[in-house]
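Below: the structure, in structure tokens.
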Amino acid sequence: MTSSTYQAEVAARTEQILHAAHESGSDRSLWGAHALMPHKPAAAEIVEIVRNHLWRKTDSPASGLLGGPFEILPCMLLLCRWEHELPTEATALIRDFMTQAHLERGNTENHWLMAYGGMLLAAERWPDADFAWSGLRAAAIAAEATRWISGIIERSAVQGHHEYDSTGYHIEHMTAYIGLYEHAHSAELRAQIENMLTLLVADMALEYFNGAWAGGHSREGYRQNTWTRLGPIQPLQYLYFGGIDFDHIAHTHGFAIPSVVASYRPPALFAEMAWDRAKAHVVKKTKAPRTIYRHAREIARPVRKYTYMSRSFALGSTQLGLPGTQCGPIDLTAWDLTWDGPNHQAIVACNHPYNSPDRFSAFLHGFPQHIGRSIATGKPYLQWPDRLFGASPYERMLQHEGGIVVLYDIPQRDAHPFVNIFLPHGQTWSERGGWIFADAGDFHIGLYAIGPYEWTDILEANNANILVREGDLIDGWLLRIHSRTAGLVVEVVEADEVESFAHFCRQRVALVPDLSGWPDDKRVQVQTTAGHALDITHDGAHRVDGEEVDYDAYPLYAAPGVEAPLGTGRVKFAKNGDEVAVDFGIDPNKPLLPMRVIG
Amino acid sequence: MTADACSNWLVGGNVTATSSIHVIQGNGLYAGSPDGEWARIGQNQATALALLRHRGQVLMSANHGLYSWASSAGRWTQLQDETLTEILAIAPLSGDPGVLAGCPYGVATAHRDELGAARWTFYSDHLSPDERYTNALLIDPNDESRWLVGSEAGLIVYSQAGAKTARSDLFDTPVRALHYAQNGFWAGSDDRGIFYSEDGVRWTGAGTGIEGAVYAIAIAGEQLIAATQHGLISGDDQRAWQRLGPRMLFAAIAVDPQDPARWLAGASPGGLWHTADAGRSWRQIDRFKHVRAVLAPAGDAQ
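Each protein sequence line maps, in turn, to chains E and Y.
First residue of the first sequence: 878, per this note's numbering; consecutive thereafter.
First residue of the second sequence: 7, per this note's numbering; consecutive thereafter.
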């Protein structure tokens, strides 16, 4: 695809998204108003949008307001993008808010990026203003913001993104960086931001699977990891990669609208990478160690992702590198099998619903003695026993291509001595020789539960005040393995690579998983029908075909056409004769900015 | 704001629901008196975690920053930079800005850069995560370069202004409270009660019968009092500690320097509680819901 062809396609999708956002009325928010501005709205309409979002329908003076990243960034993006079209009153409101309200940074990587991004834009726009929330001069505010933004970019270039591959939060990184790329004053900073955007788009493209984001995710929507396509990142996936039907709701999420109207567009090469499924291949990624600041005697190790992008399915897993038994990031998804299909009908996943309150205080400073209640009263589903998302410190996994072994070693003190497996209703499941099979048409699935299990179902709705009528959040089979030493073996094969489904089933049943070392020696060995030997010891060695897997050897990215040695800040993407190379100019002797937020 | 930050009680707590990011408390710092009105100081709505009066200013450490309030200027000024956040403990030092800060990422001091901003230097990067995580700070009254640090791993002594660190023998339990009184150091732990030390290195258990974590220690006349997970207690280093007042998670307690029978205690959740008779009777001060920090009016006891 030529660049001009690609740009024309993106321009068409831009109009489609903006038109739909305007028609649906979702352009009446601070994020979405970028879709309203081309229609030359009345001044009063814009003023109302600004007031509703920043003042929250109060009559408070600006000095009585409280603002965080979700106010700071969108108001500055609206101001910067439409500086000459905004009514004077709207501009004055935004300036009042940004200078007089009490502004806070939040406590996650996306929070700080949005907050520092908006603060930098404000400090540059109003260099002589009195920023009452800070007390510092604009130059000092801008310097602090620039140091953090530059520093977090360098960290990402050297050791991988912290808040990696999040279907929910990737858009907040993208929109903040794109806004800064468009509006920040420093050419040097904007150049680094463009490099960073290249990495973030590459992250999206390398695991793009028919509109979904395959593989492990640092954060995925609460109770939504049985969805096929999810998260506010979808508008940018659609905008940049196309290839699927336009969804009037999913593709008009407000967080993306400032990026949709921006001039920034990624190189066409990434759209080609996103859609290249001619041949199955493996994508490997290194991501930054998780920020665990308590209940740990050592720092986390780097995150290593392994995603098998086959033609009709994707199987992805993660070596989380968590440092202690109390660490379980609450919205992390470590592995899943996904394919193209409706929500709940195209995912297989399993999870141990670890619920020690320490998993909150490992990331949040509230008293450990009370934090379990203080967090869970607001989000009770974080502690539900049926939970399918969130990390368990007792989970380990080994994957090779379409085969994966997931093991759990749950101690006696844990309140949930079981593991949940999610299976879609839409497949016809069969059991034979201890294996559960499904013929999914283009591919076949075989699962082997380690431990006694029983079938039940799971149905959760978003608005279930009294009765769950429709399982819009979760809807499927729940297989519960009642064992502290539970496990799951999964093998998935393309249908045209085996003789028949029946033949695959016979082959699979004949290759009985070797559980002679489980649980006493914590070792499980599995032969795949493709001829590979997976050998995993829980908290021990991982071997494939007799060779120990060296996760430390993972580069920043490994995929066809990608060169990205870890720690260098130099990455090259090549496809069909096109090439995109970025060099962050990393000084190896310069210490990295310390990471001070959840990520 | 008309209430004076020096002559009034200061309370970091919330009086209204807040909808900011991940904020359980918020609403900033209030000045007032137990029997009078309370008014917020300035516009800051941060979640106050620790308070300090130092050289005519009030320092407030908070979830997202560290702020100083100068009554003469009538405004808050941020002291955090991009490396300092979630500041759980502060202690006075000489110099400008003259404060030792403790946060989940360790212990740090600051200098001013050419733009007047505080820039922080950390002394804990070589430690493990639990050793870095700082709940409480105490400057040795005999040596400003020697800092007692209550960490999630136990009590660590920083010497030579942070150049050296050493474990005390109070270890393998989180230490959340530190206080200097009666010519000695006092420490409150998560699961082993209160300890006493003459040098900050060797510690012995102080009294018995303490249930749950200890979050703050203070002295009222000759009486030691503490805020704990299950209520307020009083006692000494010999006998069983006695529980006082309502049973709830008290996070902070302060004593009126002019009247040692008059205390204010903050609970989270539970709000603000006042006693005028050394803990025999208590009255809840309405409007506060969560309180993590209380500071008595300026006086000798401070």
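Think of the CB as a built atom: it goes at the ideal place given N, C-alpha and C, for glycine as much as any other residue.
These figures come from a predicted structure and were not determined experimentally.
For Leu1344 (chain E), does the count of other Cβ atoms within 10 angstroms reach 16, so buried, or fall short, so exposed? Exposed: under 16 other Cβ atoms inside 10 Å.
Alpha carbon to alpha carbon, how far is Val1035 (chain E) from Ala273 (chain Y)? Give it in angstroms, no decimals. Between Ala273 (chain Y) and Val1035 (chain E), the C-alpha separation is close to 44 Å.
What do you get for Glu900 (chain E), buried or exposed, if any count of 16 or more other CB atoms within 10 angstroms of its CB means buried? It is exposed - the Cβ of Glu900 (chain E) has fewer than 16 other Cβ atoms within 10 Å.
What residue from E:Leu1076, E:His1050 and E:His1062 has the CA that sits closest to Ile1447 (chain E)'s CA? Looking at the sequence provided, one finds Arg at residue 1447 (chain E) rather than Ile. In terms of CA proximity to Arg1447 (chain E), E:Leu1076 leads the group E:Leu1076, E:His1050 and E:His1062.
In this structure, does DSSP put Gln1246 (chain E) in helix, strand or coil? Helix, per DSSP.
Within the 8 Å Cβ cut-off, does Met7 (chain Y) reach chain E? Here Met7 (chain Y) scores only 44 on pLDDT, less than 50, and its place in the model should not be relied on; the value that follows carries that caveat. Contacts with chain E at 8 Å (Cβ-Cβ) do not include Met7 (chain Y).
Nearest-angstrom Cβ-Cβ length linking Ile1327 (chain E) and Gly1364 (chain E), presumed shorter than 8 Å: Yes, Ile1327 (chain E) and Gly1364 (chain E) are in contact; Cβ-Cβ is about 3 Å, under 8 Å.
Pick out whichever of E:Gly1098, E:His1277, E:Tyr1325 and E:Asp1316 has its Cα sitting closest to the Cα of Val1421 (chain E). With distances taken between Cα atoms, Val1421 (chain E) lies closest to E:His1277.
With a threshold of 8 Å between beta carbons, is Asp178 (chain Y) in contact with chain E? Not closer than 8 Å to any Cβ of chain E, the Cβ of Asp178 (chain Y) fails to qualify, so no.
Less than 6 Å between C-beta atoms, sequence neighbours within five positions excluded: which residues of the same chain meet that for Gln1196 (chain E)? Once the five neighbours on either side are set aside, the close Cβ partners of Gln1196 (chain E) are Arg1181 and Tyr1428.
Reference Ala1338 (chain E); option with closest CA among E:Gln1101, E:Thr891, E:Lys934 and E:Ala1015: Looking only at E:Gln1101, E:Thr891, E:Lys934 and E:Ala1015, the smallest Cα-Cα distance to Ala1338 (chain E) is reached by E:Gln1101.
Taking C-beta pairs closer than 7 Å, name the residues in chain E that Asn50 (chain Y) reaches, listed in chain order. Among the residues of chain E, those whose CB is under 7 Å from the CB of Asn50 (chain Y) are His979, following chain order.
When burial is assigned at 16 or more other CB atoms within 10 Å of the CB, is Ser1377 (chain E) buried or exposed? Counting Cβ neighbours within 10 Å, Ser1377 (chain E) comes out exposed, since fewer than 16 surround it.
So if I threshold CB-CB distances at 8 Å, which residues from the segment 133 to 152 of chain Y count as touching chain E? Flagged, chain order: Ser134, Pro135, Asp136, Arg138 and Tyr139.
Bridge-paired residues (DSSP) for Leu1411 (chain E): Note: Leu1411 (chain E) sits in a beta bridge opposite E:Val1403 and E:Val1421.
What residues in its chain sit with their C-beta under 7 Å from that of Arg1188 (chain E), if we drop five residues either side in the sequence? Only Arg1154, Ala1157 and Glu1371 meet the Cβ criterion.
The segment 983 to 1003 of chain E: positions lying closer than 7 Å to chain Y by Cβ: Residues Gly983, Asn984 and His988.
Rounded distance between the beta-carbons of Asp1352 (chain E) and His1221 (chain E), thought under 8 Å: Right, the Cβ-Cβ distance comes to about 5 Å (below 8 Å), so this counts as a contact.
Of the residues E:Ala1268, E:Ala920 and E:Pro1288, which one's Cα is nearest the Cα of Thr1210 (chain E)? When the alpha-carbon of Thr1210 (chain E) is set against those of E:Ala1268, E:Ala920 and E:Pro1288, the nearest one is in E:Ala1268.
Is the Cβ of Ser1011 (chain E) closer than 8 Å to any Cβ of chain Y? Closer than 8 Å to some Cβ of chain Y, the Cβ of Ser1011 (chain E) qualifies, so yes.
Quick check on DSSP: helix, strand or coil for Ser130 (chain Y)? Coil.
Separation of Ser1095 (chain E) from Asp1042 (chain E), as counted between CA atoms: Using only the alpha carbons, I get a separation of about 6 Å.
Cutoff 8 Å; reference Leu1074 (chain E); Cβ partners in own chain excluding five residues on either side: Within the same chain, Met1051, Tyr1054, Ile1055, Tyr1058, Tyr1141 and Pro1143 come within 8 Å of Leu1074 (chain E) by CB-CB distance, once the 5 residues on both sides are set aside.
Looking only at its chain, what residues have a beta carbon closer than 6 Å to the beta carbon of Ala1436 (chain E), apart from the 5 residues adjacent to it on each side? Only Leu1083 and Val1160 meet the Cβ criterion.
Amino acids of chain E, ordered along the chain, whose beta-carbon sits closer than 7 Å to that of Gln63 (chain Y): In chain order: nothing, as chain E lies at least about 12 Å away.
Under a three-way DSSP split, which group does Ser1251 (chain E) fall into? DSSP places Ser1251 (chain E) in helix when its eight states are reduced to three.
Using the C-alpha atoms, what's the distance from Met1472 (chain E) back to Leu998 (chain E)? If I take the Cα positions, the gap works out to 22 Å.
Can you give the beta carbon distance from Pro1390 (chain E) to Tyr1325 (chain E), rounded, assuming they're within the 8 Å contact cut? Contact holds; Cβ gap of about 6 Å.
Ala1065 (chain E), enclosing alpha helix (DSSP H) - first and last residue: The sequence given here places Glu at residue 1065 (chain E); Ala does not occur at that position. Here the alpha helix (DSSP H) through Glu1065 (chain E) covers Ala1064 to Leu1083.
Taking only beta-carbon atoms, is Gln1246 (chain E) less than 8 Å away from chain Y? Closer than 8 Å to some Cβ of chain Y, the Cβ of Gln1246 (chain E) qualifies, so yes.
Where Asp936 (chain E) falls, given that 16 or more other Cβ within 10 Å makes a residue buried: Classification of Asp936 (chain E): exposed, given that the 10 Å Cβ count is below 16.
Quick check on Ile1030 (chain E): buried or exposed, where buried means 16 or more other Cβ atoms within 10 Å of its Cβ? Ile1030 (chain E) sits buried, since 16 or more C-beta atoms from the chains shown fall within 10 Å of its C-beta.
Give a yes or no on whether the minimum CB-CB distance between Ala889 (chain E) and chain Y is below 8 Å. Contact with chain Y is absent for Ala889 (chain E), since none of that chain's Cβ atoms lies less than 8 Å from the residue's Cβ.
Are there any heavy atoms of the ligand ATP lying less than 7 Å away from the beta-carbon of Pro1288 (chain E), as far as the coordinates show? The model depicted lacks the ligand ATP and carries no ligand whatsoever.
For Asp87 (chain Y), decide whether its Cβ has a neighbour in chain E, counting only Cβ atoms nearer than 8 Å. For Asp87 (chain Y), the answer is yes, since a Cβ of chain E falls inside 8 Å of its Cβ.
Here's a check: name, in chain order, each residue in its chain whose Cβ is nearer than 7 Å to the Cβ of Tyr883 (chain E), leaving out the five neighbours to either side. Short of 7 Å from the beta carbon of Tyr883 (chain E), and not among the five residues preceding or following it, lie these beta carbons of its own chain, in chain order: Ala1145 and Ala1148.
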